[in-house]
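In full-length UniProt numbering, the protein residues as written are 1 to 99.
And the structure:
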């Protein structure tokens with residue numbers, strides 16, 4: 001776990017918002033409910049909700065993925081993202097014990 005990468009990724013309001021939405025995707029992305037959330041949330045849904053350009057959203061998601069905060073699953077032409085709860089548990093432990 002690269003602490004610097006994680007804290008850099010968390011230092012942006014939009015990235016924090018994306019992580020918050022991905023914590024409870026059923027509430028924040030109801031339009032995807034029929035397709036389900038097993039693989040996560042479609043990048044197109046995230047882009048629509050955040051209201052930023054595709055390139056900016058891709059950059060933000062790449063930053064979150066590089067930090068290990070989210071995982072990506074490619075299905076056909078679509079990429080789905082979900083939170084990596086193991087990283088959040090490790091980060092919580094780090095904050096409680098080391099910082």
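Even for Gly, the Cβ is constructed at its ideal location relative to N, Cα and C.
Item	Value
Going by DSSP in three states, residue 71 sits in which element: helix, strand or coil?	strand
For the beta strand (DSSP E) containing residue 97, name the first residue and the last one.	No beta strand (DSSP E) holds residue 97; the alpha helix (DSSP H) holding it covers 85-97.
Identify whether residue 53 lies in helix, strand or coil by the three-state DSSP scheme.	coil
If you follow the alpha helix (DSSP H) that residue 17 is in, where does it begin and where does it stop?	13-23
For the stretch 77-91 and the stretch 21-37, state whether three or more C-beta atom pairs, one from each stretch, are separated by less than 8 Å.	yes
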